[in-house]
Amino acid sequence: MTVQDIIKGCIKNDAKYQRLLVVNYSPMLLTVSRRYTPISADAEDVLQDAFIKIFGAIRQYDSNKGKLETWMRTIVINTALKRLNKKCFTHERAVEQFEDIQLHPTVYDHLQAEDVMTLINTLPDGYRQVFNLAVVEGYPHKEIGELLGIEESTSRSNLSKAKKLLRVKLSNQKKQESWARIG
Amino acid sequence: MGPDRLDKFIKNQVEQHKTPTDPDLLWQKIQAKQNVEEKPKRRFIIFWLLAGALLLTSLGLLYTYYTLNNDDNTLTSNENPIENTSANTISNTNTNTNTNSNSNSSLSSSSNSTHLSDETTPSSKVPTEEKTPNEFANKNALTKSDYSKPKTTNNSETEQTANNVTNNSERLATAKTKTTDASTNDTKTPKLPTTPSVNTDVHLNSNKPSSNTSTTIVEQKNANTKNNELPTGKQEKNSNTSEVNTIAFAKSELLLISNLDFLLKDQDISNEFIENQKEKKNFPNYRYKESYKLIDNNWTFSNGLAFTYGTAPRTLSARESTNNDYLQSRNDLETSLDAVRLNLDFMAQHRSGFYLKSGAEYEQINERYELYTSWDSIIIDPNQIVAIVITQDGDSTSSFGNQNNLINFWNNKRRYNRYHSIDIPILVGYNSAKADKKLSWFIEAGVSMNLWFKARGEINNTEGEAIRLEDNPDLFKPRTGFSLLAATGLSYRLNDTFSIWASPSIKYHLSSITSKENTLDQKYLNVGLQVGVRYHWTK
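Which chain is which? The protein sequence lines are A and B, in order. Numbered according to the numbering used here, the first sequence spans residues 1173 to 1355. Numbered according to the numbering used here, the second sequence spans residues 16 to 554.
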């Protein structure tokens, strides 16, 4: 069974094919949802809502414009962003200024995907959204600004701060691991 | 390492990462959400269907009401033409005989052409005709004081009539005399006496009408002999035939014109009165009175809006004895709270005090579901100090590892279950209302058709698991049922238009609100206090 078959089945509102779509893509899309919605229960809610939207809008999907996976990721991201209060982007609390730390390459050696996810989720909301959109999804700042309702410059600034904060956290994590080994 | 390295690393790690999840559970939740999202549409349709039905009913009743009201007005305006058939008969008689009476036709068509042309059998109207002109004259004389002038004649009312007639008649009567054909008029004039009770004596100087014309209206018994000969049909053809015919024609014309004149003036007065009422903002009351008169005070109509708040103790019963344990658990976990009802009704009340009432009612029954659960779990806390080693030098080193903690979790789940229905009640009642008393009592009873269209909340299933009603539509499908209604209370009339009432109300649902798939029957007895306000269309 190909992706096209699943799409056709979903267009016919066939529950069997809808379920197949959920089974095949939910792990990947749940990761996307979790990056924007750190609380696990909320992330699942977002994913459920996103799938309902996907079923409703799958007729509009054009395979010539991109992969189904990309199209569904976009829907998940939009659903997650809609749930968040946009005020958190415009009134982000001030984060203390960190110096730009240069990380040693070994920092990444023991980091798994789940660790990275956890690390990203420790970022403040505004930084996390911009970081995800810019770094993981590859959205330009202009588009991020439109999506989040913030200025383009704010997007750039938030991304820069997010990266600095991540480096600090990675550096601190590395120090803790060193201490643990010594102990 | 530059910033790009960090970006690439994170992107590679995260982009294709898959979070372990239970797709089947997720699929079930999605289906449940889909059902919940589809439901409102269905409810929406039901709601609008009922609202539409209610609106149509109201519009129909309003239409009926205004139609009746208009009929009443028509009757009122027809009153004069009916009473004035004598004049119309005469005019028709002359129209038949006098082909040149164009002015007559044109005048008739101005306002009362229908009534005039309809009268073709004057003899059948004799009883009415003998009385009505005088009555009509009296009526107009009484109402049109501005037009009356003092006269020396004994009958002042007829003088006023004559006065009104004179000015209008002179001009036309003169014109007619010039074209009247004497021979044809001979055959028709005997019909004249059957019509008027007011005998009009017109003395014309045939071709010099206006300045020398004098008109006198006297009662029948005082009429002179010459004129009395006309009705009997015993008149002889003589040289004065032309004059007689002219007189007869003039009489008919005078009567016609005078009545038209009255009609027009009466209409003017009516319009003036209505305008005055409108300015005084009393116009609605004026209309009420008319409709009140029309319906002969037998029926009055009103709309009511009521709110009922009370309790709704329920009766759960197992369809099979094997479900008694489940029944017990449901009773333990669910508590009846309260019930609200919102009612919009239409009421038709007979003068005897009995009334019929129907409309639409929304009902919501609220319950509480409370489930306390507790469980123990071992939580593994990583990177905790599990040992501290003190060396001989006195230095201490900590040993890190996983720490197992036994934690007791508890959860008190509380949900509020709501059952919604839309009802169509039909009630019969009695109200002791009297015109001179504002306070009255009433008693009513009836049946109601219920449409249970929605259930929300949580219950335990037969396995003892909490399930959401929204996720299990089979348990509470939209279904219809019947209930019995009864109420008795007091009503207080605030003014001619509004009244308020309060009454204890009881509603017993005969049917279970659960579907056949459910193992339990669930019935309610709704007891509450009802308060409402009523708008009275008619007094």
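C-beta atoms are modelled at their ideal positions from N, C-alpha and C, and glycine is treated no differently.
Residue i - containing beta strand (DSSP E), residue span
i, result
"B/Phe497", "494-508"
"B/Met464", "454-471"
"A/Gln1176", "Taken as a continuous stretch (DSSP letters only), A/Gln1176 belongs to no beta strand (DSSP E), being part of the alpha helix (DSSP H) at 1175-1183."
"B/Leu421", "411-446"
"B/Ile403", "369-405"
"B/Gln545", "535-551"
"B/Phe316", "314-326"
"B/Lys522", "513-524"
Distance CB(residue i)-CB(residue j) smaller than 8 angstroms
i, j, result
"B/Leu352", "B/Phe322", "no"
"A/Leu1192", "A/Ile1178", "yes"
"B/Tyr384", "B/Arg430", "yes"
"B/Glu376", "B/Pro440", "yes"
"A/Val1248", "B/Lys26", "no"
"B/Ser506", "B/Ala448", "yes"
"B/Tyr523", "B/Leu544", "no"
"B/Phe468", "B/Ser436", "yes"
"B/Phe491", "B/Ile528", "yes"
"B/Arg334", "B/Thr72", "no"
"B/Gln364", "B/Tyr370", "yes"
"B/Ser317", "B/Trp552", "yes"
"A/Arg1255", "A/Val1218", "yes"
"B/Tyr434", "B/Ala460", "no"
"B/Arg329", "B/Lys48", "no"
"A/Val1194", "B/Pro38", "yes"
8 angstroms Cβ cutoff, residue i in contact with chain A
i, result
"B/Lys585", "The question about residue 585 of chain B has no answer, for chain B in this structure spans 16 to 554."
"B/Asp598", "Residue 598 of chain B is absent from the model: chain B starts at 16 and stops at 554."
"B/Ser485", "Note that residue 485 of chain B is Glu in the sequence shown here, rather than Ser. Chain A, which has no Cβ nearer than 8 angstroms to the Cβ of B/Glu485, makes this no."
"B/Thr388", "no"
"B/Thr34", "yes"
"B/Gln49", "yes"
"B/Val29", "yes"
"B/Ile45", "yes"
"B/Tyr303", "Per-residue confidence for B/Tyr303 stands at a pLDDT of 43, beneath the threshold of 50, marking its modelled position as unreliable; the derived number appears in the next sentence. So, not an interface residue."
"B/Ile25", "yes"
"B/Asp22", "yes"
"B/Leu41", "yes"
Short CB-CB distance (under 8 angstroms) between residue i and chain B
i, result
"A/Gln1220", "yes"
"A/Ile1224", "yes"
"A/Leu1295", "no"
"A/Val1194", "yes"
"A/Gly1355", "Residue confidence is low: A/Gly1355 scores 45 on pLDDT, short of 50, so the model does not pin down where it sits. Its coordinate-derived value is still stated next. Interface residue, yes."
"A/Lys1335", "yes"
"A/Ser1198", "yes"
"A/Arg1328", "no"
"A/Arg1300", "no"
"A/Glu1268", "Confidence is the limiting factor: at A/Glu1268 the pLDDT is only 48, short of 50, which leaves the residue's position unreliable and the question unanswerable from this model."
"A/Ile1179", "no"
"A/Thr1203", "yes"
"A/Met1289", "yes"
"A/Leu1256", "no"
"A/Arg1339", "yes"
"A/Ala1285", "yes"
"A/Val1248", "no"
Outcome for residue i when other beta-carbon atoms lying within 10 angstroms are tallied against a minimum of 16
i, result
"B/Arg20", "exposed"
"B/Asn427", "exposed"
"B/Glu478", "exposed"
"B/Thr337", "exposed"
"A/Ile1316", "buried"
"B/Asn423", "exposed"
"B/Tyr550", "exposed"
"B/Val401", "exposed"
"B/Gln28", "buried"
"B/Asn420", "exposed"
"A/Ala1213", "exposed"
"B/Tyr78", "exposed"
Limits of the alpha helix (DSSP H) - the one that residue i falls within
i, result
"A/Trp1243", "1240-1255"
"A/Ala1215", "1212-1229"
"A/Arg1206", "1187-1208"
"B/Arg345", "339-348"
Partner residues on chain D for residue i, Cβ-Cβ distance less than 7 angstroms
i, result
"B/Pro38", "As a matter of chain content, chain D is missing from the structure shown, whose protein chains are A and B."
Self-check item: Whole alpha helix (DSSP H) elements within the segment 1284-1321 of chain A, 4-residue minimum
Solution: 1285-1293, 1297-1303, 1313-1320
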